[in-house]
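Numbering (the UniProt record's numbering), first residue to last: 1 to 259.
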């Protein structure tokens, strides 16, 4: 875990930063690309299923590819939750989020260049449905991001003895599940960077703040709730240390294991 400004020069950190940049770039390129229809067929079969599967498979594949390098966050909400639970430092979180946003912009820009001008549409932007109000939109984004980040923390709990499946698969499936529900409500962002890239490229910021507030808040709640209530080594002592100790390090902190 990065603990000082001197550590910013470490090769390991910068490899992680580049991995987050590339991962978020690819997620935005492929995921938002699945929202574009070049056939012109308005009766295209199950577009929601197509988009949900593409985002879920993309997240699972990318996490599998870069988790050993950066942790495979590719999402500011995940990074914010990791920071809140003190699994990463402030410096690392800032760089990760910055380059996730840059990666999403580059990914959206590449998609814009690869797509014929007549078919750009909204370039896979997330948009709040006119049938719901702002409070409902924030609530939807909060809950779907809660599900995603809760799944991330539960799947990555190294103290669990029952984990035999694929962590990237479980994370990807949570993304697919939430898309199947929330696409018609908010576009199912659950990822500020994924919404930021197309919004910047298309110059459309309508209700964009919803995709900052909802996902970040949902991620923070999920991370803190799992880490200090549901984690195998969760304890009051651990929660107090996380909140009050200046030298707290999640990687080294020891707590009683539940058998």
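We put the beta carbon where it would ideally sit given N, CA and C, even for glycine.
*Might you give, ordered along the chain, the residues of its own chain that have their beta carbon closer than 6 angstroms to the beta carbon of residue 110, omitting 5 neighbours on each side?*
Working through the chain shown from its first residue, we reach residue 110 at position 110. Excluding sequence neighbours, residue 110 sits near 29.
*Between the segment 68 to 84 and the segment 221 to 239, do at least 3 Cβ pairs fall closer than 8 angstroms?*
yes
*Helix, strand or coil: how does DSSP classify residue 128 here?*
Taking the first residue of the chain shown as position 1, residue 128 is located at position 128. In the structure shown, residue 128 sits in coil (DSSP, three-state: anything other than H, G, I, E or B).
*Cβ pair residue 38, residue 138 closer than 7 angstroms*: Here residue 38 corresponds to residue number 38 of the chain shown, with the count starting at 1. Here residue 138 corresponds to residue number 138 of the chain shown, with the count starting at 1. In this structure, residue 138 does not lie closer than 7 angstroms to residue 38 by Cβ.
*Report the rounded CA-to-CA distance for residue 119 versus residue 36, giving the unit in angstroms.*
Locating residue 119 in the chain shown gives position 119, where the first residue counts as 1. Locating residue 36 in the chain shown gives position 36, where the first residue counts as 1. So the alpha carbons of these two residues sit roughly 7 angstroms apart.
*Taking only the alpha-carbon atoms, compute the straight-line gap between residue 145 and residue 191 and give it to the nearest angstrom.*
Mapped onto the chain shown, residue 145 falls at position 145. Mapped onto the chain shown, residue 191 falls at position 191. Looking at the two C-alpha atoms, the distance is approximately 8 angstroms.
_Assuming contact is defined by CB atoms lying nearer than 7 angstroms, are residue 189 and residue 126 in contact in what I supplied?_
Reading the chain shown from its first residue, position 189 is the one you call residue 189. Reading the chain shown from its first residue, position 126 is the one you call residue 126. Cβ distance < 7 angstroms, so residue 189 and residue 126 count as in contact.
_Quick check: the Cα distance between residue 205 and residue 115, rounded to an integer number of angstroms?_
Indexing the chain shown from 1 puts residue 205 at position 205. Indexing the chain shown from 1 puts residue 115 at position 115. Taking the straight line joining both Cα atoms gives about 21 angstroms.
*Taking all protein chains shown into account, do 16 or more other C-beta atoms lie within 10 angstroms of the C-beta of residue 55, making it buried, or fewer, making it exposed?*
Residue 55 sits at position 55 when you count from the first residue of the chain shown. It counts as buried.
*With 16 as the cutoff for other CB atoms within 10 Å, does residue 157 come out buried or exposed?*
As a first step, residue 157 is located in the chain shown; it is residue number 157 there, counting from the start. Answer is buried; the Cβ neighbour count reaches 16.
*What do you reckon, are the CB atoms on residue 196 and residue 129 nearer than 7 angstroms?*
For this step, residue 196 is matched to residue 196 along the chain shown. For this step, residue 129 is matched to residue 129 along the chain shown. Between residue 196 and residue 129, the gap from beta carbon to beta carbon reaches 7 angstroms or more.
*May I have the straight-line CA-CA distance separating residue 62 from residue 236, to the nearest angstrom?*
Locating residue 62 in the chain shown gives position 62, counting from the first residue. Locating residue 236 in the chain shown gives position 236, counting from the first residue. Roughly 35 angstroms separates the two Cα atoms.
*Work out the CA separation of residue 242 and residue 86 for me, nearest whole Å.*
Walking along the chain shown from the start, residue 86 turns up at place 86. Walking along the chain shown from the start, residue 242 turns up at place 242. So the two alpha carbons sit approximately 7 angstroms from each other.
*Taking residue 215 as the reference, give the member of 142, 162, 200 with the closest Cα.*
Mapped onto the chain shown, residue 215 falls at position 215. Nearest C-alpha to residue 215: 142.
*To the nearest angstrom, how far is it from the Cα of residue 32 to the Cα of residue 176?*
Numbered from its first residue, the chain shown carries residue 32 at position 32. Numbered from its first residue, the chain shown carries residue 176 at position 176. Roughly 14 angstroms between the two C-alpha positions.
*asked:* For residue 47 and residue 19, what's the separation of their Cα atoms in angstroms?
replied: Translated into positions along the chain shown, residue 47 becomes position 47. Translated into positions along the chain shown, residue 19 becomes position 19. Each residue's Cα considered, the two are about 30 angstroms apart.
*Are the C-beta atoms of residue 125 and some chain C residue less than 7 angstroms apart?*
Looking at the structure shown, chain C is missing, and only one protein chain is on hand.
*Whole-number beta carbon distance between residue 232 and residue 160, since they are thought to touch under 8 angstroms*: Taking the first residue of the chain shown as 1, we reach residue 160 at position 160. Taking the first residue of the chain shown as 1, we reach residue 232 at position 232. Confirmed, about 6 angstroms.
_Coarse secondary structure for residue 134, derived from DSSP in three states_ = For this step, residue 134 is matched to residue 134 along the chain shown. Residue state, collapsed to three classes: helix.
*Spatial neighbours of residue 121 in its chain, beta-carbon cut-off 7 angstroms, leaving aside the 5 residues before and after*: To locate residue 121, count along the chain shown from 1; it is residue 121. These residues qualify, in order along the chain: 36.
_So residue 201 and residue 103 are supposed to be a Cβ contact under 8 angstroms. How far apart are they, rounded?_
Here residue 201 corresponds to residue number 201 of the chain shown, with the count starting at 1. Here residue 103 corresponds to residue number 103 of the chain shown, with the count starting at 1. Rounded, the Cβ-Cβ distance is 13 angstroms, inconsistent with contact.
*Under the rule that 16 or more other beta-carbon atoms within 10 Å means buried, what is residue 12, buried or exposed?*
For the purposes of this step, residue 12 is identified with residue 12 of the chain shown, where counting begins at 1. Under this definition residue 12 is an exposed residue.
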